[in-house]
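Take a look at the structure below.
Number of protein chains: 4
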Amino acid sequence: VAAACAALAERHRETLMAARTLLQQAVPTTFGLKAAGWLVAVLDARSRLVDVRDRGLAAQLGGAAGTLAGFGERGPEVAALFAAELGLAQPTLPWHSHRARIAELAGAVDVAAGVASKIALDVALLAQTEVGEAAEAAGGRSSTMPQKRNPVGSALTLACARLAHANAALLGGGLDHEHERSPGAWQAEWPALTASLAYGGGALASLRGALAGLEVDAARMRENLDATSGAIMTERLSFLLVPVLGRERTKAALDSALAAAAAAPGVQLRDALLAGPELGLSEDELDAALDPAGYTGAADALVERALRRHAAELGGGR
Amino acid sequence: VAAACAALAERHRETLMAARTLLQQAVPTTFGLKAAGWLVAVLDARSRLVDVRDRGLAAQLGGAAGTLAGFGERGPEVAALFAAELGLAQPTLPWHSHRARIAELAGAVDVAAGVASKIALDVALLAQTEVGEAAEAAGGRSSTMPQKRNPVGSALTLACARLAHANAALLGGGLDHEHERSPGAWQAEWPALTASLAYGGGALASLRGALAGLEVDAARMRENLDATSGAIMTERLSFLLVPVLGRERTKAALDSALAAAAAAPGVQLRDALLAGPELGLSEDELDAALDPAGYTGAADALVERALRRHAAELGGGR
Amino acid sequence: VAAACAALAERHRETLMAARTLLQQAVPTTFGLKAAGWLVAVLDARSRLVDVRDRGLAAQLGGAAGTLAGFGERGPEVAALFAAELGLAQPTLPWHSHRARIAELAGAVDVAAGVASKIALDVALLAQTEVGEAAEAAGGRSSTMPQKRNPVGSALTLACARLAHANAALLGGGLDHEHERSPGAWQAEWPALTASLAYGGGALASLRGALAGLEVDAARMRENLDATSGAIMTERLSFLLVPVLGRERTKAALDSALAAAAAAPGVQLRDALLAGPELGLSEDELDAALDPAGYTGAADALVERALRRHAAELGGGR
Amino acid sequence: VAAACAALAERHRETLMAARTLLQQAVPTTFGLKAAGWLVAVLDARSRLVDVRDRGLAAQLGGAAGTLAGFGERGPEVAALFAAELGLAQPTLPWHSHRARIAELAGAVDVAAGVASKIALDVALLAQTEVGEAAEAAGGRSSTMPQKRNPVGSALTLACARLAHANAALLGGGLDHEHERSPGAWQAEWPALTASLAYGGGALASLRGALAGLEVDAARMRENLDATSGAIMTERLSFLLVPVLGRERTKAALDSALAAAAAAPGVQLRDALLAGPELGLSEDELDAALDPAGYTGAADALVERALRRHAAELGGGR
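Protein sequences, first through last, are from chains A, B, C and D. Going letter by letter, the first sequence gives residues 1 to 318 in this note's numbering. Going letter by letter, the second sequence gives residues 1001 to 1318 in this note's numbering. Going letter by letter, the third sequence gives residues 2001 to 2318 in this note's numbering. Going letter by letter, the fourth sequence gives residues 3001 to 3318 in this note's numbering.
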């Protein structure tokens, strides 16, 4: 999944698109940065899983009640050999009725599945008919509705993530084990941990399928960015105009131009602004201010930073 | 809480008691080992919290959509200064819509509260009228039932842990944030994170109250250990006899002696065994085999290990 | 909320729009039917809440342990008077440690909040910049991004529903109360029930705000319906053609026409079909088959059914 | 399960035992009343399940988007016949993306499993070695610890209830389905509903096993009741003495007598009270006041009420 995200981030570092907050177009960004955000979230989740594996898991051997009494004099030695045999760390104490390790393992899997669910949700939203900026290569077609490009990998990821979470929540909330072995809390862990691992793995595996060969429509991204006649650039205009005009007059100028542009199809915010009161910007300066490509901030540098981290951690060949 | 557990572990490293599995007396242990188990669980949870604080938290500054565009050329520099000002790590990328950090923080709090709930449950069970092995010093008395020693600190810990968990589960299952800012998933985090921290802290604070001056009744522990007329030693007898008598004859001998001891009050397993078929053990050997003090395995060494770790990590003055 | 849904269903019973499955345009529907679906879900949730109030809640009075012993001979009589005083049903037995009533109340609130979250999610999705079919009248504008019409009521509903759910889940999973009063499980209920009611109410109250004066853009709905050049009608075409051409030939004809229409902007599915192999349909028949208004099935009758139920249950003046 | 509870309630309506609050002995009750409490909780849960089955479930048929368009003119008629064929109610509207029914079904199963978990927890607590008031007939013996009577049915019930709850929580929190079919939320329901039903059924089936032939030790119940030398009667003494001596003097007298009785084994509260200041009660009156059998309040009447309800609802042959 990380490799797929990195490839998308690299390939699309200059692909402009709309960033969306509360599902409304907000400001420009690049698809490269969006994919880099996915990448970093995946690297973080992976790092947490590695950490849980390397530091969190530990062998458990203690006999009926954690005293190692059944092994006679050599209890601690047996426990150490047992851990070595399994390639697991040796815990300070037998931990049969202290279940934080199980909860943390499932928690790390839950976070990884949750990270996958965020990416899958983004893909499914980008794949909407009305948005059309991405499509899963293996997108399922309905037999009776062949026009559809169902984001089936994303859907499966979202489903698996809910199931991984339900089981992780059971394990996280189930540390209340009575004395040296619980009647119930312990036995509930077995299917829950299995399900947690299975659905967590399923979430990531499905996402890999969804991202493999993801079809990204850069032209449609640009169309959507332009679809509001320049309105997506108002944040930048605000930042430029407020120091000159003050907050009140800036707001009035923008509101009136936005209303004019919204009222009639084809009217650009640019023209509505030029038809309004003097802004202290030349036409060229206004055109430059309204160019989305000029307002992606540190997107490129951030993509670079994400790709370097990916290369450093997973040898992405950079 | 760790200090209270360590003090109990130290003071009671030779205090014999019954270990209980599925709420049945199983084999002997020491209260020192039980408290050492609590201690290690608390140290583990603390270590995880420290790790989340030091490695997991990171400053978040990205502007409307994570591009830092609003800060002009100096976006990354501003973000770095912002992180330094807050004393937080600088993340690879702005992470506004990638919420694993929030989930992991709440998850670590949830685990800490869960560890507290396990200890509190043990205390409440030990404090039962019929068990009577421990009592909270500040145990609440009911106004109309002054004989009661309610484990009020433990009860509050158990209540807080359930509440911390419910809020952590919301956060752990809520990573599915749409695009660059979610309508709903994000806003739900605010009260949930606050509640998670409040109830998590409450669970531990209440537990500190419950453990402070916990009254441990070593004599009652011994009485309970002896209450089954020696039956708690059958595991050890099994391990001794099976090599000599074989599995079948051992089982028959033990079952018949256990039945005899259970049938009449006052009949000790020892006497029932001596009245049965030859076991190949002298009376002295049998008495030694039936002494709980001789069957605590590595309990003492394990307590030592836990106390050393406590001293190393928290400077417990060892 | 029900009244707002009913008004939308009535007003838009002939407003055509695209139905979306897996976030892909699937077949035509009406916004009236969509709103009628919301309405029925709200009526069902309301009916469940009324049922829980009328049948589920019952007075609880039992003394320390449910025997009513503290009231002497007149215990049952006192309990009956107590219930009457509170206007609550009298339970078969005091129920202090049997908490299903609390779980069911929170469960019904959770379902009501969940129903609200489904409606809010639909509104937020319809309000997306690229979809533009609905906007909250009081949609929040960002100070620096005045072009946005943030679905703030929907966002708050979605946030509240997550919080109502977290607390309901605690209550639903917390029936394991020890003996006659639990140390912990009971005390955890107090803030959880309060939060459940508060956030449940908040979810519905916010949704009422989101739906009040919801701006529905019927023209944009039609545009979106037409945006795929007729592809949304393929299910109907399939159903018409398969009996004549067989499954294979129908699939081939549709796939080839869909590909042609997708390849060039402006090419309608209609024309691509007419340019292909003979379908056994006249041009007029094809035009009729491709008219979304002719493929809304029972939408109108279903809206009527929902409105009648609303009038019957809540006196909607029909 | 109801039948087993009813049989226990009937058989033990005069079996005295200690009621326990916060796991402390509080006042006397009868095991009959305890079992009647279980019975009523089970009857309530059953009634809710029947209600969900009869009123909550409804056939779902709507085509791709709930318009029934694929069925032509006869959509509603087909839907009605479909419901009749399945023996399910006909819903107001197709409900494919409105999932309250699924949540309510799983919620009712969750409550039933939760009721079972409360009973199982009571059984496991009663079966503790130090309490010894009940034992499962099929209680599992450990191979190496044959003295144990593990409450294996109760443990399995408790485990299943946690698993049923985790899956019900997923379904209860998963009503946020996008438009006419959700990518993810819908697919997550399938294994969750299956698991909910399986574990819910498992919880009750295991409990039936635990209660079948439950061995109740009435003598041990009496011993435990007497183990505090009369202290369990202090609530009754308070209620008797306060009107005569006032609150302060009553408290002082009881505290001092409780301390004396606790200080030396064998000293009864009765004798400590008689050795203290005048209480205005004759020795006979005091003995009567201290008789647990005289302070079970309405226990018998309440058992009768529960049994009558059982007979009325399930034909228990009364």
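The beta-carbon is built from N, C-alpha and C at its ideal position, and this holds for glycine as well. Just so we're clear, the structure is a prediction, and the values are computed from it rather than from any experiment.
Cβ pair count under 8 Å reaching 3, the region 2223–2242 of chain C against the region 2285–2305 of chain C
yes
What is the residue span of the alpha helix (DSSP H) that VAL3001 of chain D lies within?
As a working note, residue 3001 of chain D is residue 1 in the fourth sequence. From DSSP, VAL3001 of chain D is part of no alpha helix (DSSP H); its letter is neither H nor E.
Which stretch, first to last residue, makes up the beta strand (DSSP E) that contains PRO1076 of chain B?
Residue numbering aside, residue 1076 of chain B sits at position 76 when the second sequence is read from its first letter. Not the beta strand (DSSP E): PRO1076 of chain B falls in the alpha helix (DSSP H), residues 1075–1086.
I want to know whether the region 3105–3124 of chain D touches the region 3043–3050 of chain D - three or more CB-CB distances under 8 Å.
yes
Can you list, in chain order, the residues of its chain whose CB lies under 7 Å from that of ALA2006 of chain C, leaving out five sequence neighbours each side?
Your numbering for residue 2006 of chain C matches position 6 in the third sequence. Here ALA2006 of chain C has LEU2039, LEU2307, HIS2310, GLY2316 as same chain residues with Cβ atoms under 7 Å from its own Cβ, once five neighbours each way along the sequence are excluded.
In or out: GLU2223 of chain C buried (at least 16 other Cβ within 10 Å) or exposed?
Looking up residue 2223 of chain C in the third sequence gives position 223. Note on GLU2223 of chain C: under 16 other CB atoms within 10 angstroms of its CB, so exposed under the neighbour-count rule.
Span of the alpha helix (DSSP H) around THR3194 of chain D:
The count along the fourth sequence starts at 1 and reaches residue 3194 of chain D at position 194. THR3194 of chain D -> alpha helix (DSSP H) spans 3185–3211.
Own chain residues within Cβ distance below 7 Å of THR3324 of chain D, not counting five before or after:
Residue 3324 of chain D lies beyond the range of chain D shown here (3001 to 3318); nothing can be said about it.
Answer yes if the region 3118–3126 of chain D comes into contact with the region 3083–3101 of chain D, meaning at least three C-beta pairs across the two stretches below 8 Å, and no otherwise.
The count of Cβ pairs closer than 8 Å, one atom from the region 3083–3101 of chain D and one from the region 3118–3126 of chain D, stays below three, leaving the stretches out of contact.
Taking DSSP's pairing of strands, which residues face MET1233 of chain B in a bridge?
As a first step, residue 1233 of chain B must be located in the second sequence, where it is residue number 233. MET1233 of chain B is not bridged to any residue.
Give the straight-line distance between the Cα atoms of GLY3075 of chain D and ALA231 of chain A, rounded to the nearest whole angstrom.
Position 75 of the fourth sequence, counting from 1, holds the residue named residue 3075 of chain D. Position 231 of the first sequence, counting from 1, holds the residue named residue 231 of chain A. Their backbone Cα atoms lie some 45 Å apart in a straight line.
Compare the C-beta of PRO1151 of chain B with all C-beta atoms of chain D and state if any pair is closer than 8 Å.
On the second sequence, position 151 is the one that residue 1151 of chain B refers to. True, the Cβ-Cβ gap to chain D drops below 8 Å.
Tell me whether PRO2028 of chain C sits in a helix, a strand or coil according to DSSP, three-state version.
On the third sequence, position 28 is the one that residue 2028 of chain C refers to. Three-state DSSP puts PRO2028 of chain C in a strand.
Cβ separation of ALA3113 of chain D and CYS3160 of chain D, assumed to be a contact under 8 Å, to the nearest whole Å:
Within the fourth sequence, numbered from 1, the residue matching residue 3113 of chain D stands at position 113. Within the fourth sequence, numbered from 1, the residue matching residue 3160 of chain D stands at position 160. At roughly 6 Å, the Cβ-Cβ gap stays under 8 Å, so ALA3113 of chain D and CYS3160 of chain D are in contact.
In this structure, does DSSP put THR1021 of chain B in helix, strand or coil?
The residue you call residue 1021 of chain B lines up with position 21 of the second sequence. THR1021 of chain B falls in the strand class under three-state DSSP.
The alpha helix (DSSP H) spanning THR2157 of chain C covers which residue range?
If you number the third sequence from 1, residue 2157 of chain C lands on position 157. Here the alpha helix (DSSP H) through THR2157 of chain C covers 2152–2172.
Please tell me whether HIS1012 of chain B has its Cβ less than 8 Å away from any Cβ of chain A.
Working through the second sequence from its first residue, we reach residue 1012 of chain B at position 12. Chain A, which has no Cβ nearer than 8 Å to the Cβ of HIS1012 of chain B, makes this no.
Per-residue contacts from ILE3102 of chain D into chain B (C-beta, under 7 Å):
As a first step, residue 3102 of chain D is located in the fourth sequence; it is residue number 102 there, counting from the start. Ordered by position in chain B, no residue passes the 7 Å Cβ test against ILE3102 of chain D, which lies about 18 Å from the chain.
Can you have a look at THR2029 of chain C and say buried or exposed, based on whether 16 or more other CB atoms are within 10 angstroms of its CB?
Along the third sequence, read from residue 1 onward, the residue named residue 2029 of chain C stands at position 29. THR2029 of chain C should be labelled buried.
According to the Cβ coordinates, are GLY209 of chain A and ALA164 of chain A closer than 8 Å?
In the first sequence, the residue the question calls residue 209 of chain A occupies position 209. In the first sequence, the residue the question calls residue 164 of chain A occupies position 164. No. Outside cutoff.
Do you know whose CA, among B:GLU1313, B:LEU1204, B:ALA1293, B:ALA1312, lies nearest PHE1031 of chain B's CA?
As a working note, residue 1031 of chain B is residue 31 in the second sequence. The shortest Cα separation from PHE1031 of chain B among B:GLU1313, B:LEU1204, B:ALA1293, B:ALA1312 belongs to B:ALA1293.
Would ARG2162 of chain C count as contacting chain B if we go by Cβ distances under 8 Å?
Counted from its first residue, the third sequence places residue 2162 of chain C at position 162. Yes, ARG2162 of chain C counts as interfacial toward chain B.
Taking its Cβ as the centre, do 16 or more other Cβ atoms sit within 10 Å of GLY174 of chain A, making it buried, or is it exposed?
Taking the first sequence and counting its residues from 1, one reaches residue 174 of chain A at position 174. By the neighbour-count rule (16 or more Cβ atoms within 10 Å), GLY174 of chain A is buried.
Provide the residue(s) that pair with VAL2111 of chain C in DSSP beta bridges, ordered along the chain.
Along the third sequence, one-based indexing puts residue 2111 of chain C at 111. Paired residue(s): none; VAL2111 of chain C is not in a bridge.
Assuming ASP226 of chain A is part of the alpha helix (DSSP H), what are its boundary residues?
Position 226 of the first sequence, counting from 1, holds the residue named residue 226 of chain A. Looking at the DSSP string, the run of the alpha helix (DSSP H) that includes ASP226 of chain A is 218–226.
Are the C-beta atoms of ASN1167 of chain B and some chain D residue less than 8 Å apart?
The residue given as residue 1167 of chain B occupies position 167 in the second sequence. No, no contact with chain D.
Could you work out which residues of chain D lie near LEU2061 of chain C, taking near to mean beta carbons separated by less than 8 Å?
Translated into the one-based positions of the third sequence, residue 2061 of chain C becomes position 61. Per Cβ cutoff of 8 Å: no residues; LEU2061 of chain C is ~11 Å from chain D at best.
ALA312 of chain A lies in the alpha helix (DSSP H); which residues open and close that run?
Translated into positions along the first sequence, residue 312 of chain A becomes position 312. First-last of the alpha helix (DSSP H) with ALA312 of chain A: 299–314.
Going along the chain, which residues of the region 105–116 of chain A sit with their C-beta nearer than 8 Å to a C-beta in chain B?
Along the region 105–116 of chain A, going in chain order, the ones with a CB nearer than 8 Å to a CB of chain B are GLY107, ASP110, VAL111, GLY114, VAL115.
Contacts around LEU2061 of chain C, its chain only, beta-carbon distance under 8 Å, and the 5 residues preceding and following it disregarded:
Locating residue 2061 of chain C in the third sequence gives position 61, counting from the first residue. Answer for LEU2061 of chain C: LEU2068, VAL2078, ALA2079, PHE2082, ALA2083, PRO2094, listed in chain order.
Assuming contact is defined by CB atoms lying nearer than 8 Å, are ALA1259 of chain B and VAL1267 of chain B in contact in what I supplied?
Against the second sequence, residue 1259 of chain B aligns to sequence position 259. Against the second sequence, residue 1267 of chain B aligns to sequence position 267. Result no, Cβ atoms of ALA1259 of chain B and VAL1267 of chain B do not sit closer than 8 Å.
Counterpart residues of ALA326 of chain A in DSSP-defined beta bridges:
Residue 326 of chain A cannot be examined here, being either before or after the span of chain A that is shown, 1 to 318.
Which residue wins for smallest C-alpha separation from VAL1216 of chain B, given the options B:ALA1002, B:MET1017, B:LEU1279, B:VAL1001?
Translated into the one-based positions of the second sequence, residue 1216 of chain B becomes position 216. The shortest Cα separation from VAL1216 of chain B among B:ALA1002, B:MET1017, B:LEU1279, B:VAL1001 belongs to B:MET1017.
Return the chain-ordered list of same chain residues with a C-beta closer than 6 Å to the C-beta of ALA2218 of chain C, the five sequence neighbours on each side being excluded.
The count along the third sequence starts at 1 and reaches residue 2218 of chain C at position 218. Excluding its 5 nearest sequence neighbours in each direction, ALA2218 of chain C has C-beta neighbours in its own chain below 6 Å: THR2015, listed in chain order.
Look at ALA1168 of chain B and VAL1109 of chain B and say whether their C-beta atoms are less than 8 Å apart.
Within the second sequence, residue 1168 of chain B is the residue found at index 168, counting from 1. Within the second sequence, residue 1109 of chain B is the residue found at index 109, counting from 1. Yes, the pair counts as a contact, with Cβ atoms nearer than the cut-off.
With burial defined as no fewer than 16 other Cβ atoms inside 10 Å of the residue's Cβ, what is the status of THR157 of chain A: buried or exposed?
Here the question's residue 157 of chain A lines up with position 157 in the first sequence. Taking every protein chain shown into account, the CB of THR157 of chain A has 16 or more other CB atoms within 10 angstroms, so this residue is buried.
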